[in-house]
Amino acid sequence: MAHQLRAEYGPGGPSGGVARWHVVRSTDPSHGMCGAEIVADAETRPESDWGTGLQSCQQCGSLYLHEAPFLPADWA
Numbered sequence: 281m282a283h284q285l286r287a288e289y290g291p292g293g294p295s296g297g298v299a300r301w302h303v304v305r306s307t308d309p310s311h312g313m314c315g316a317e318i319v320a321d322a323e324t325r326p327e328s329d330w331g332t333g334l335q336s337c338q339q340c341g342s343l344y345l346h347e348a349p350f351l352p353a354d355w356a
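Here is the structure:
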């Protein structure tokens, strides 16, 4: 299953910056794995950006870890 990161904006909208990043399944990019609604034109980043210091939704991250495979060869 493929995933993406999608932006949730604060009260100022996109001009106010990203409040947090949600992990979404590619099959449902309008909802974070935590259930948060994501606006259609939200910034999108690849799932490989997860864990790189972005302010991410903790619940989405926890759920993502259950779906993302850990391949030891990726860390060799």
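Under this note's numbering, think of the first position of the sequence shown as 281, with each following residue one higher.
Yeah, the Cβ is synthetic: ideal placement off N, Cα and C, and Gly gets one too.
Only a predicted model underlies this, so the values are computations on that prediction, with no experimental measurement involved.
- The beta carbons of Cys-340 and Val-303 sit closer together than 7 angstroms.
- Taking C-beta atoms as the reference points, Met-313 and Leu-285 fail to come closer than 7 angstroms.
- DSSP places Leu-285 inside the beta strand (DSSP E), whose first and last residues are 283 to 289.
- Pro-349 carries a coil assignment under DSSP once its states are collapsed to helix, strand and coil.
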